[in-house]
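**Student:** Residue numbers (the working numbering), protein chains in the order written: chain A, 519 to 631; chain B, 16 to 132.
All C-beta atoms in this analysis are idealised placements derived from N, C-alpha and C, irrespective of residue type, glycine included.
Before I ask anything, here is the structure I am working with.
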Amino acid sequence: EPEVTQTPSHQVTQMGQEVILRCVPISNHLYFYWYRQILGQKVEFLVSFYNNEISEKSEIFDDQFSVERPDGSNFTLKIRSTKLEDSAMYFCASSDGAADTQYFGPGTRLTVL
Amino acid sequence: AQSVTQLDSQVPVFEEAPVELRCNYSSSVSVYLFWYVQYPNQGLQLLLKYLSGSTLVKGINGFEAEFNKSQTSFHLRKPSVHISDTAEYFCAVSEHAGGTSYGKLTFGQGTILTVHP
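Below, the structure is given as structure tokens:
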């Protein structure tokens, strides 16, 4: 069964450093998403991406964040200058249609020191 | 803006007992409703979803949920739980209007279901 994969599973970085979280969505999917979950809190929407552009983003997704689909298979989330409060589990998801099931990856745990 | 409330943060239950996990939502437009399950060290897996039609939806692993528009609820039920159902369960909604939805999911805070032998 096709699945969404994410790398790395755990990333430790120093405050102020740039990080790139990588996701490989399911191959025929058209919609891509990033969510995050700070420990003990809700899963929060960050951004959705369709047709090579951001279709919606949350207030959390400020200028420090960017997304890219550099080739036909990867979908990346970049945080330019990490803050302590960026420490969270980041989930990538993809779907075939906007109302269709979103398939989630296992997540990347980002720890900012 | 939509919001989701899961009324119970933890639900302990004995094996083979029935369980209900409660979910209420708030939205000014129509919504799609979802339940996801997260097992330890894994991603979120869809249990079931309501898009339209029958308000009683059946999902995987024997779970079902009923959409109640007047009470803005979407409670998850299972008549007889197993040890393997121990996991965290998330209710989520996405808004749609005029046939347009970009799929953004808004999640509840999760309910940890613990099934005891």
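(1) Kindly identify the DSSP beta-bridge partner or partners of residue 553 of chain A.
(2) Counting only runs that start and end within the region 43 to 86 of chain B, where is the beta strand (DSSP E) found for 3 or more residues in a row?
(3) Determine, using beta carbons only, whether residue 121 of chain B comes closer than 8 Å to chain A.
(4) Using a Cβ-Cβ distance cut-off of 8 Å, determine whether residue 105 of chain B contacts chain A.
(5) Check whether chain B comes within 8 Å of residue 620 of chain A, counting only Cβ atoms and requiring the distance to be less than that.
(6) Residues of chain A with a CB under 7 Å from the CB of residue 25 of chain B: which are they?
(7) For a contact defined as C-beta to C-beta under 7 Å, what are the partners of residue 561 of chain A on chain B?
(8) What does residue 121 of chain B pair with, by DSSP beta-bridge criteria?
(9) Using 8 Å as the cut-off, can you tell me whether the region 121 to 130 of chain B makes contact with the region 555 to 573 of chain A, which would need three or more C-beta pairs spanning the two stretches below that distance?
(10) My guess is that residue 608 of chain A and residue 631 of chain A are in contact by the Cβ rule of under 8 Å, so how many angstroms apart are they, rounded?
(11) Output needed in chain order: residues of the region 538 to 551 of chain A with a Cβ under 9 Å from some Cβ in chain B.
(12) Would you mind reading off the limits of the beta strand (DSSP E) that contains residue 21 of chain B?
(13) What is the residue span of the beta strand (DSSP E) that residue 89 of chain B lies within?
(14) For residue 581 of chain A, does the count of other Cβ atoms within 10 angstroms reach 16, so buried, or fall short, so exposed?
(15) Out of A:572, A:612, A:592, which one is the CA nearest neighbour of residue 539 of chain A?
(16) Less than 8 Å between CB atoms is the rule here; does residue 571 of chain A satisfy it with respect to chain B?
(17) Any idea which residues DSSP pairs residue 126 of chain B with across the strands?
**Tutor:** Considering the structure as presented:
(1) Position 35 of the first sequence, counted from the first residue, corresponds to residue 553 of chain A. A:563, A:609, per the DSSP bridge assignment.
(2) Fully enclosed beta strand (DSSP E) runs of 3 or longer: 45 to 53, 59 to 65, 71 to 73, 79 to 83.
(3) Numbered from 1 along the second sequence, position 106 holds the residue referred to as residue 121 of chain B. Output row for residue 121 of chain B: interface = yes.
(4) Position 90 of the second sequence, counted from the first residue, corresponds to residue 105 of chain B. With 8 Å as the cut-off, residue 105 of chain B counts as an interface residue toward chain A.
(5) Mapped onto the first sequence, residue 620 of chain A falls at position 102. It does: the Cβ of residue 620 of chain A has a partner Cβ on chain B nearer than 8 Å.
(6) Reading the second sequence from its first residue, position 10 is the one you call residue 25 of chain B. None at all; the shortest Cβ gap to chain A is about 13 Å.
(7) Residue numbering aside, residue 561 of chain A sits at position 43 when the first sequence is read from its first letter. Neighbours of residue 561 of chain A on chain B, chain order: 105, 122.
(8) Position 106 of the second sequence, counted from the start, is the residue given in the question as residue 121 of chain B. The partner list for residue 121 of chain B (beta bridge, DSSP) reads B:108.
(9) Short answer: they touch.
(10) Looking up residue 608 of chain A in the first sequence gives position 90. Looking up residue 631 of chain A in the first sequence gives position 113. Contact flag wrong, Cβ pair sits at about 17 Å.
(11) 549, 551
(12) By 1-based counting over the second sequence, the position of residue 21 of chain B is 6. Run containing residue 21 of chain B: 18 to 21, per the beta strand (DSSP E) assignment.
(13) Counting from one through the second sequence, the residue named residue 89 of chain B turns up at place 74. Counting along the chain, the beta strand (DSSP E) containing residue 89 of chain B begins and ends at 88 to 93.
(14) Residue mapping note: residue 581 of chain A aligns to position 63 of the first sequence, counting from 1. Burial call: exposed.
(15) For this step, residue 539 of chain A is matched to residue 21 along the first sequence. Of the candidates A:572, A:612, A:592, the one whose C-alpha sits nearest the C-alpha of residue 539 of chain A is A:592.
(16) Here the question's residue 571 of chain A lines up with position 53 in the first sequence. Not closer than 8 Å to any Cβ of chain B, the Cβ of residue 571 of chain A fails to qualify, so no.
(17) As a working note, residue 126 of chain B is residue 111 in the second sequence. According to DSSP, which records beta bridges pairwise, residue 126 of chain B is partnered with B:104.
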